[in-house]
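Right, one structure below, let's go through it.
Number of protein chains: 2
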Amino acid sequence: MSFKPDPKLDLVLERLIDVPVELVWKAWTTPELLKQWFCPKPWYVSHCEIDLRPGGRCYTVMNGPNGESFPNTGCYLEIVPNQKLVFTDALLADYRPAGQGFMTAIVTMKKEGKGTRYTAIALHNDEAGRKKHEEMGFYEGWGKALDQLVELVKKLR
Amino acid sequence: MSFKPDPKLDLVLERLIDVPVELVWKAWTTPELLKQWFCPKPWYVSHCEIDLRPGGRCYTVMNGPNGESFPNTGCYLEIVPNQKLVFTDALLADYRPAGQGFMTAIVTMKKEGKGTRYTAIALHNDEAGRKKHEEMGFYEGWGKALDQLVELVKKLR
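As given, the protein sequences belong to chains Z and X, one line each in that order. If you read the first sequence in the numbering used here, its first letter stands for residue 1, the second for the next number, and so on. If you read the second sequence in the numbering used here, its first letter stands for residue 1001, the second for the next number, and so on.
Set out below in structure tokens:
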């Protein structure tokens, strides 16, 4: 069953990108690659751990140019290679409740011509959560990160 | 990878029961059956919905003898028929964050002789969560519910 976003609660970034699905998948699931594209510059990821199984932990530390440091822990929920990756910060490793939860992300990729139809959906608990994420710069941030992903994987071909 | 409970954070009910795994699975995944055993009497479940897929919603309404009514919404995470069922209240349908989360449950069943080695683990975010659940009567409550499950499915054979 494919998920239909709720415009009141969810944010969606959809774009046709000119790199193949296999490289998009690789960029999302390889720590050394993810570190290079996941944060819009000048922010950067200093640390990344990916335990790629349902219930596995995802862990990144995002850093800002003025010494900011934000660790993020989440949990992978669904892993369909080259198609779909779902994770949430509402859970920790082995599905342990995080006590709170800001968002679940559903990232899908589908071959289209020589490129990829890329969709990233952020699901929030309520309208305030969606609004906060939008104000934090969801579209610009996830868009810039995707630009960086495309630029990076083009060098891998 | 099988999960190792953390004694500081998790509660575990393990028991050998004299009914086959297939019936235990059926009792956990059939709304009309779950309603009959899930709450220790005189509490009862008035409503139960089971969308049995990863990301599917589980919904029950528990009622007390003095008119208490507690709706519970959760999300299925892993479904391995006759072996393992994982769900959490940290997520709603389609993995949407619930905004909070009290526990994740990992229920496993394994054929042993003519019966079933039954294990239910409740994972909490912190020690306070585990303690609260223990004080709410985890062992007695889940134990009585399991007695009711066994009694019920014996009638189905």
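Glycine included, C-beta positions come from ideal geometry on N, C-alpha and C. It should be emphasised that the depicted structure is a prediction, and the values quoted were computed from it without experimental measurement.
- For E1049 (chain X), the uninterrupted beta strand (DSSP E) run begins and ends at 1044-1050, by DSSP.
- Non-local beta-carbon contacts of F1087 (chain X) in its own chain, meaning distances under 8 angstroms to residues more than five positions away in sequence, involve C1058, G1074, C1075, Y1076, L1077, T1104, A1105 in chain order.
- With a cutoff of 8 angstroms on beta-carbon distance, D18 (chain Z) and K84 (chain Z) are scored as not near each other.
- Buried is the label assigned to M109 (chain Z), since at least 16 other Cβ atoms lie within 10 Å of its Cβ.
- With at least 16 other beta carbons inside 10 angstroms of its own, N125 (chain Z) counts as buried.
- Put simply, the region 23-39 of chain Z touches the region 145-156 of chain Z. At least three CB pairs are less than 8 angstroms apart.
- Put simply, of Z:S2, Z:G141, Z:V12 the residue whose alpha carbon is nearest the alpha carbon of W43 (chain Z) is Z:G141.
- Residue contact check for Y1095 (chain X) against chain Z: a CB pair falls below 8 angstroms.
- Taking 8 angstroms as the cut-off, the Cβ atoms of F1003 (chain X) and A1145 (chain X) do not count as close.
- For G101 (chain Z), the chain X residues whose C-beta falls within less than 8 angstroms of its own C-beta are A1090, L1091, P1097, A1098, G1099, Q1100, G1101, listed in chain order.
- The beta carbon of L1009 (chain X) sits closer than 6 angstroms to those of H1124, R1130, all from its chain and outside the five residues before and after it, given in chain order.
- At a Cβ-Cβ threshold of 8 angstroms, A1120 (chain X) and A90 (chain Z) do not count as neighbours.
- If the five residues before and after H133 (chain Z) are omitted, its C-beta is found closer than 8 angstroms to the C-beta atoms of L11, F102, M103, A122, H124, all from its own chain and listed in chain order.
- With contacts defined as CB atoms closer than 8 angstroms, G143 (chain Z) and L34 (chain Z) fail to qualify as a contacting pair.
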